[in-house]
Every structure is written in C-alpha cells, then in structure tokens.
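**Q** Counting from 2, one number per residue, gives the positions in the sequence shown under this note's numbering.
Note that CB positions come from ideal geometry on N, CA and C, so glycine has one too.
None of the values given here were measured: they were computed from a predicted structure.
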Amino acid sequence: MLVRKLEDIETQDVIAYGSTKTKIQWLISKEQGAPHFAMRLFTLEPGAVIGTHAHPEEHEIFVLKGEMDLIAGNGEKTHVKATNAIYVPPFEKHGYRNDGNEQVQFICVIPLLEK
C-alpha cells in the first residue's frame, strides 16, 4: 500500500491545448507502481481554461471543489459543480472553463499513459 501527501507532490502548469491558469499534480501513476491507471488532481483558478481537445483515453472525473463549465466539441456548455461525477468517452472533444470567482479542483483518472 502507498500513501502520498498532497503537499509532497510536484505541481506543474498545464499548457497543452491553450490552457491557462491551470495546475496538475500526478497523485498516482506508473512511478508509484500503478499498472493500469493514473490519478491526477487539477486546480483551475478563476478565469482558467483547458482548451477543447480529444484523445484515445477515457476520463473519469470527480469535482471536489467549485463550479465550472465542460465545453463539448460543438461549443455546448454543461455546468458542473462539487460532488458531480463525469465520464468523458475516448475521442470525445472536451474542454473546461472556470468562469466563476472561486478555485475549482477535480480528480481525473485515466488509463496509464506516458506523461
């Protein structure tokens, strides 16, 4: 069994897909011995964007804190908030936007991949 403290985990800026004001922490991944999945914590400051994108990996997301909009490939927005669980299928275009005044945090689990 492995236990990690959040304050001991490196925080990185997310810059892919035109992202702004967004941080990621890789909580559990291959480096910790996980054979199948990676667990990540995203933090979106007010005004943050993760640009619309698609990839072969599915996402399972749980919103821990705050409210944000999910952006579909056609631009349609779905508002989500803390305690919402989200499934993003493989190859589905998606993005995220925090238009609120509070920080958003969510856990995102994906199949293991090279980071």
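Enumerate, from N- to C-terminal direction, the unbroken beta strand (DSSP E) stretches of 3 or more residues contained entirely within the segment 63 to 104.
**A** 68 to 73, 78 to 82, 86 to 89, 95 to 98
**Q** Please state whether DSSP places E32 in a helix, a strand or coil.
**A** helix
**Q** For L45 versus V105, is the C-beta distance shorter than 8 Å?
**A** yes
**Q** Among F63, H37, T79, whose alpha-carbon lies nearest the alpha-carbon of D70?
**A** T79
**Q** What do you reckon, are the CB atoms on H54 and G96 nearer than 8 Å?
**A** yes
**Q** Using DSSP with H/G/I as helix, E/B as strand and the rest coil, what is L114?
**A** Looking at L114 - three-state DSSP - the assignment turns out to be coil, as it is neither helix nor strand.
**Q** Please state if the CB of F38 and the CB of P90 are separated by a distance shorter than 8 Å.
**A** The Cβ atoms of P90 and F38 lie no closer than 8 Å to each other.
**Q** For the beta strand (DSSP E) containing R5, name the first residue and the last one.
**A** No beta strand (DSSP E) contains R5, which DSSP labels as neither H nor E.
**Q** Would you call R5 buried or exposed, if buried means 16 or more other Cβ atoms sit within 10 Å of its Cβ?
**A** exposed
**Q** Quick one, are the C-beta atoms of V81 and I87 less than 8 Å apart?
**A** yes
**Q** To the nearest angstrom, how far is it from the Cα of E77 to the Cα of N102?
**A** 21 Å
**Q** How far does the beta strand (DSSP E) with I51 in it reach, from first residue to last?
**A** 38 to 54
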